[in-house]
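Residues in the sequence shown are numbered consecutively from 2, following the numbering used here.
Written out below as structure tokens is the structure these notes cover.
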Amino acid sequence: MRKPLIILAIIAFLIPFIGASQINPADSLQQTIQTQPLLKLKHLDFNFVNAEDNRTLKLLETGNLTFTWKTDNTEDSFIGIKLKSKNQENWIEKVVPAADTAIVFESLTENLFFDYQIGSGSSEDEIVYNNEIELCHTLSQNIFKNNGAKGKEESVEIFWAIEYGALSEILSYFPDAYYIVQWNTKIGKKQNELNPEKGKWQVKDKIDINKVKIKEKDLVGGEKYIYKIGLVVDGKHIWSKESKFETKRSWGIFKLLVLLGSLGMFIYGMKIMSEGLQKAAGSRLRNMLGSITSNRISGIFTGLGITSIVQSSSVTTVMTVSFVNAGLMNLKQATGVIMGANIGTTMTAWLILLFGFKVDIGAYALILIAFGAPLLFFGKSSVRNWASVIIGFSLLFMGLGFLKDNVPDIGADSPLIQFFVDYKDSGLLGTLMFIGLGTLATVLIQSSSATMALTMTLVGGGVLPFEVAAAMILGENIGTTITAQLAALIGNVHAKRAARIHALFNIIGVIWCVLVFQLFLKGVAYFVDGDPFSNPEDANEGLAIFHSAFNIANVLVLVWFVPKLVKLAEKTVRSRGAIDEEFHLDYIGTGMMGTPDLSILEAKKEVAKFGEITSRMAGFMKKLLVEQNKKAKGKLHEKIAKYEEITDRVEIEVANYLSKVSQGEMTAETAQRVRSMNAIVNDLERIGDIFYQISKTLERKDEQKLYFLPEQRANIFEMLKLVDGAFEIMIDNLNAEWEAVSIEPAQLAEHQINKKRNELRKEHLENMQNPDFNMESGMVFSNIFSSLEKVGDHIINVSEAITGKIN
Numbered sequence: 002m003r004k005p006l007i008i009l010a011i012i013a014f015l016i017p018f019i020g021a022s023q024i025n026p027a028d029s030l031q032q033t034i035q036t037q038p039l040l041k042l043k044h045l046d047f048n049f050v051n052a053e054d055n056r057t058l059k060l061l062e063t064g065n066l067t068f069t070w071k072t073d074n075t076e077d078s079f080i081g082i083k084l085k086s087k088n089q090e091n092w093i094e095k096v097v098p099a100a101d102t103a104i105v106f107e108s109l110t111e112n113l114f115f116d117y118q119i120g121s122g123s124s125e126d127e128i129v130y131n132n133e134i135e136l137c138h139t140l141s142q143n144i145f146k147n148n149g150a151k152g153k154e155e156s157v158e159i160f161w162a163i164e165y166g167a168l169s170e171i172l173s174y175f176p177d178a179y180y181i182v183q184w185n186t187k188i189g190k191k192q193n194e195l196n197p198e199k200g201k202w203q204v205k206d207k208i209d210i211n212k213v214k215i216k217e218k219d220l221v222g223g224e225k226y227i228y229k230i231g232l233v234v235d236g237k238h239i240w241s242k243e244s245k246f247e248t249k250r251s252w253g254i255f256k257l258l259v260l261l262g263s264l265g266m267f268i269y270g271m272k273i274m275s276e277g278l279q280k281a282a283g284s285r286l287r288n289m290l291g292s293i294t295s296n297r298i299s300g301i302f303t304g305l306g307i308t309s310i311v312q313s314s315s316v317t318t319v320m321t322v323s324f325v326n327a328g329l330m331n332l333k334q335a336t337g338v339i340m341g342a343n344i345g346t347t348m349t350a351w352l353i354l355l356f357g358f359k360v361d362i363g364a365y366a367l368i369l370i371a372f373g374a375p376l377l378f379f380g381k382s383s384v385r386n387w388a389s390v391i392i393g394f395s396l397l398f399m400g401l402g403f404l405k406d407n408v409p410d411i412g413a414d415s416p417l418i419q420f421f422v423d424y425k426d427s428g429l430l431g432t433l434m435f436i437g438l439g440t441l442a443t444v445l446i447q448s449s450s451a452t453m454a455l456t457m458t459l460v461g462g463g464v465l466p467f468e469v470a471a472a473m474i475l476g477e478n479i480g481t482t483i484t485a486q487l488a489a490l491i492g493n494v495h496a497k498r499a500a501r502i503h504a505l506f507n508i509i510g511v512i513w514c515v516l517v518f519q520l521f522l523k524g525v526a527y528f529v530d531g532d533p534f535s536n537p538e539d540a541n542e543g544l545a546i547f548h549s550a551f552n553i554a555n556v557l558v559l560v561w562f563v564p565k566l567v568k569l570a571e572k573t574v575r576s577r578g579a580i581d582e583e584f585h586l587d588y589i590g591t592g593m594m595g596t597p598d599l600s601i602l603e604a605k606k607e608v609a610k611f612g613e614i615t616s617r618m619a620g621f622m623k624k625l626l627v628e629q630n631k632k633a634k635g636k637l638h639e640k641i642a643k644y645e646e647i648t649d650r651v652e653i654e655v656a657n658y659l660s661k662v663s664q665g666e667m668t669a670e671t672a673q674r675v676r677s678m679n680a681i682v683n684d685l686e687r688i689g690d691i692f693y694q695i696s697k698t699l700e701r702k703d704e705q706k707l708y709f710l711p712e713q714r715a716n717i718f719e720m721l722k723l724v725d726g727a728f729e730i731m732i733d734n735l736n737a738e739w740e741a742v743s744i745e746p747a748q749l750a751e752h753q754i755n756k757k758r759n760e761l762r763k764e765h766l767e768n769m770q771n772p773d774f775n776m777e778s779g780m781v782f783s784n785i786f787s788s789l790e791k792v793g794d795h796i797i798n799v800s801e802a803i804t805g806k807i808n
């Protein structure tokens, strides 16, 4: 038994050697390398860099995948790598000398996963690969989609996205993948590049792969930051492109000043645009107001049209008050215009909604200014006016953009938000409180448009609920009446009454709206596509609808009560007599006394006051001759023009009144008085025209840079002194009992004026013979003293008419 066992053991020992002698040596080498390559690598790494140049010319983004290694093994002089993507079958092979330590696969599609094998050999044709398949990828910065950051108050929200399919594939191969975000200030980044120990990057590491955003607090407010997002896969960092964000400052005095500055830019833009539109429209706006009939409906449409054009109800109401003050419009006409202005001002909310929220016109504001600014240098004034319109429009919406950016970022759980939320459903008390808040804000800002913009901005920022903002808009309608009230402070009683009607109209409207406030809001919400009670964007659309609906409804309700409003204004604003009604018919009205004889007494008082008003124009002329300040001169020219308009209006109204008086039965003496008064008001109106013409002559003199000689200026003042004396006699005669008036003092004053005119004319003709005499200045001088002599002619005509002598 031992022999067979020994034989079997010997055979078993010899079998491997017998088999080895039968196998090809190359096959034996192949089997060995398949388990362990001859090349022993100390390190192997791959790196993908996507192409940056000519990216738009390529259908797919591509780049280069580089394999690098280190080795001390010199047995094999060549190394090869085979590569294929996961969705392909064919391998790509590259072989290089081992001393190169790198293989590059070019133009590979980015963001894919690849299999690869490594092998080695003594020549390029004898590369033996192992059986172990490794994984690599071409993930690049373009794996990140829609990454961005939103800077907030001393904080930031950074967000990103990776396509769902790509993320699923990453997780299938690398379930431990995660994100990393790092950020640094712009200055800190530069410091870090110079010295790695300074300006170090802040890092948020190991962010869950399923997250798409992070929020970071405790940053520096008002600072510019650089950030990038990283995807960590198998220890490798794939970074996004560097991006920027800027944090906002926390709420404080600086932020408050920025907010006020933004509001100031909005108001300034509105002012520039409104003034430009007024100048561009020229006298047409004034003619629109001046041509209004007693029809209140036409007044409404006029107020609506003017306010829509100039984009300021304050301009319309102040203009209306000034017309009433000058006697060019009565209270019923003014009421219609004011009602129309209230509807017209709602256009502002729609402009803010359209160009401020739905379309960011602020982004194009500088482009508009680029077109508008060159127009400022045109010689034609109408072109410069339209330049002001364009620039004002741009500044307005730039201010609105700054306003939106600087509204405080208040969380939903902040005490301020909770205050509004708690009180918005507190019924009448809460509504009245927010109406008061809107009124106060408008009074302080002095612009309902600016307050509306601020309100809509706060609503868009989620600070104000829809119900609160609507109540504030009602308050803004009350607050905007303060402008007309201020304008009427220096006016007569009729101007004050016009301003009072404006306030009554808006206050009464707010009262009835408060009673149906919740129902009104639900009606408005019906016309909004979304839900204004929960969505800020829908809320702003709802506010524009609410503002328009309220003012239109208020006009429809109160237009039938215009006479009642006028009477209420007259009762609440009492007349203080002649001083209070300086520029209006104080003694006569649309009605008459019981008989023509009694009515003529009232007309006599009005004519006497008319004479006093006209005589003041001589005083304005004196000031104009000595005034050097250009702005002050402009105001004097405007005052003379205003007085000329007053004389025109008073002449018409007195003549109309006397015409009505003439229709009744009257004595011969009363008939003579009526003829005298018609002649007097005609002469007084002509005096106003002459002074206005002298004013325009002096204005042209200044434009042409002509100057009077001291003797010429002294002679004009002597003529004005004689005219003043004639005026005093005329006013005394107008206020006296007309039957007792003597014509002799007036004739003496007229004789002195004529004598002085003759002296100046003779002297002027002699001066014209002098070759050094300034002919243009002399013609202006001659025009003025001749015009003053004509004033003297009309003054004597008044006194002659008083005594019954009518030319």
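Glycine residues also receive a C-beta, built at the ideal position from the N, C-alpha and C atoms.
By the Cβ criterion, the segment 468-483 is in contact with the segment 428-447, since at least three pairs of Cβ atoms, one from each stretch, lie closer than 8 Å. For the options Glu158, Thr346 and Leu566, the alpha carbon positioned closest to that of Ala545 is the one of Thr346.
About 19 Å separates the beta carbons of Ile732 and Glu645, which is beyond the 8 Å limit, so they are not a contact pair. Bridge partners of Gly152 according to DSSP: Val157.
Out of Tyr228, Gly262 and Leu260, the CA that lies nearest to the CA of Glu247 is found in Tyr228. Per DSSP, reduced to three states, the secondary structure at Ser448 is coil, with no helix or strand assignment. Burial state of Trp184 is buried, judged by a 10 Å Cβ sphere holding 16 or more other Cβ atoms. Using a Cβ distance threshold of 7 Å, Thr67 and Ala103 count as a contacting pair.
In this structure, Glu154 lies away from Lys214, with their beta-carbon atoms at least 7 Å apart. Under the three-state reduction of DSSP, Gln183 is assigned to strand. Taking C-beta separations shorter than 6 Å and ignoring five residues to either side along the sequence, the partners of Thr481 in its chain run Thr443 and Ser449, following chain order.
Here Glu107 carries a strand assignment [DSSP, helix/strand/coil]. Met622 and Gly277 have their C-alpha atoms roughly 30 Å apart.
When the alpha-carbon of Ala642 is set against those of Ile797, Lys146, Gln694 and Lys216, the nearest one is in Gln694. Exclusion of the five residues before and after Trp351 leaves Ala545 as the residues of its chain whose Cβ lies within less than 6 Å of its Cβ. Ile785 and Gly373 have their C-alpha atoms some 42 Å from each other. Per DSSP, reduced to three states, the secondary structure at Lys242 is coil, with no helix or strand assignment. Out of Val390, Lys381 and Thr349, the CA that lies nearest to the CA of Ala366 is found in Val390. Here Thr573 is exposed, its C-beta having fewer than 16 other C-beta atoms within 10 Å. Per the Cβ contact rule, the segment 368-382 is not in contact with the segment 555-574 (fewer than 3 Cβ pairs under 8 Å). Straight-line spacing of the CA atoms in Pro772 and Val724 works out to 32 Å. Excluding its 5 nearest sequence neighbours in each direction, Val384 has C-beta neighbours in its own chain below 7 Å: Leu376, listed in chain order. Annotation: the segment 443-527 contains the following complete segments of the alpha helix (DSSP H) (minimum length 4 residues), in chain order: 449-461, 467-480, 482-489, 494-516 and 518-527.
Comparing C-alpha distances from Ala715 to each of Leu626, Ala747 and Glu164 shows the shortest one belongs to Leu626.
Residue pairing of Pro98 in beta bridges, as defined by DSSP: Phe79.
Distance check between Val781 and each of Asn147, Lys606, Val792 and Ser696 places Ser696 closest, using alpha-carbon atoms only. By the beta-carbon neighbour count (other beta carbons within 10 angstroms, threshold 16), Lys523 is exposed. Note on Val517: under 16 other CB atoms within 10 angstroms of its CB, so exposed under the neighbour-count rule.
The C-beta distance from Ile691 to Val792 rounds to 5 Å, short enough to meet the 8 Å contact threshold. For Ala162, the beta-bridge partners assigned by DSSP are Lys146. Shown here for Lys87: same chain residues with a beta carbon closer than 6 Å to its own, the five before and five after excluded, namely Phe114 in chain order.
Counting the other CB atoms within 10 Å of its CB gives Asn91 a total below 16, which places it among the exposed residues. Spanning the alpha carbons of His138 and Val105 requires a straight line of approximately 14 Å. For Lys568, the enclosing alpha helix (DSSP H) stretches over residues Val563 to Thr573. Under the three-pair Cβ rule at 8 Å, the segment 495-515 does not count as touching the segment 534-544. In this chain, the alpha helix (DSSP H) harbouring Lys631 covers Lys631 to Ser663.
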